[in-house]
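Residues in the sequence shown are numbered from -9 upward in steps of one, following my numbering.
Yeah, the Cβ is synthetic: ideal placement off N, Cα and C, and Gly gets one too.
Just so you know, these numbers come straight off a predicted model, no measurement behind them.
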Amino acid sequence: MKKVFLTSILAITLVLGISSCTVTSGGSYSAQSGSQEKQITVGTLQKELRKGMSGAEVIETLGSPNIITRDQNGYETWVYDRIATEARYSESANVLFLVLFAQGNSSSTATVTQKTLTVVIKMNEQGKVDSFAYHASKF
């Protein structure tokens, strides 16, 4: 009887006493310089921006430029300069509980990435896009 009781206790202990728990939390935060700026991606540039667009169409697509200058001929050059910071944090914990002891370990990682996108649009005498170039970097 004592042997059956001890075996039952051991089985219940193994079933209920061993548990594994993993907690993972993560999030990402993206910010651009200025809260009212429209998000510009390389995909948006390649898909939406084209030669011959009016200034109003460019502003509708990309938002307002950061800088507008005139060249020696009086034609406008629009510059869009965007900077984004992305931070990711994740944490994980593994814990093994037994009746007599507890063992646990945890790890966390944090990464911060900076992205820049600079777009230069040259307008012609009619105020339409004559040419454009862009440069994207990530570090």
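### Message
Assuming contact is defined by CB atoms lying nearer than 9 Å, are Val69 and Val119 in contact in what I supplied?
### Response
Residue numbering aside, residue 69 sits at position 79 when the sequence shown is read from its first letter. Residue numbering aside, residue 119 sits at position 129 when the sequence shown is read from its first letter. No, they are not a contact pair.
### Query
Ends of the alpha helix (DSSP H) at Ile49?
For this step, residue 49 is matched to residue 59 along the sequence shown. That run of the alpha helix (DSSP H) goes 45 to 52.
### The beta strand (DSSP E) enclosing Thr31, as first and last residue numbers
By one-based count along the sequence shown, residue 31 stands at place 41. Looking at the DSSP string, Thr31 is not in any beta strand (DSSP E), and its letter there is neither H nor E.
### Backbone CA spacing between Thr75 and Lys41 [nearest angstrom]
Position 85 of the sequence shown, counted from the first residue, corresponds to residue 75. Position 51 of the sequence shown, counted from the first residue, corresponds to residue 41. Rounded to whole angstroms, the separation of the alpha carbons of Lys41 and Thr75 is 30 Å.
### Query
For the putative contact between Met113 and Gly33, defined by C-beta atoms under 8 Å, what is the C-beta separation to the nearest angstrom?
Residue mapping note: residue 113 aligns to position 123 of the sequence shown, counting from 1. Residue mapping note: residue 33 aligns to position 43 of the sequence shown, counting from 1. In fact, because the Cβ distance is near 23 Å, the residues do not count as touching under 8 Å.
### Message
Taking its Cβ as the centre, do 16 or more other Cβ atoms sit within 10 Å of Phe129, making it buried, or is it exposed?
### Response
In the sequence shown, residue 129 corresponds to position 139, counting from 1. Phe129 comes out exposed.
### Query
To the nearest angstrom, how far is it from the Cα of Thr106 to the Cα of Ile57?
Working through the sequence shown from its first residue, we reach residue 106 at position 116. Working through the sequence shown from its first residue, we reach residue 57 at position 67. Rounded to the nearest angstrom, the two C-alpha atoms are 16 Å apart.
#### Entry: Own chain residues within Cβ distance below 8 Å of Ile30, not counting five before or after
Here residue 30 refers to the residue found at position 40 when the sequence shown is read from its first residue. Within the same chain, Leu52, Gly53, Tyr70, Arg72, Leu107, Val109 come within 8 Å of Ile30 by CB-CB distance, once the 5 residues on both sides are set aside.
### Query
Looking at Thr59 and Glu66, is the spacing between their C-beta atoms short of 9 Å?
The count along the sequence shown starts at 1 and reaches residue 66 at position 76. The count along the sequence shown starts at 1 and reaches residue 59 at position 69. Going by C-beta atoms, Glu66 is nearer than 9 Å to Thr59.
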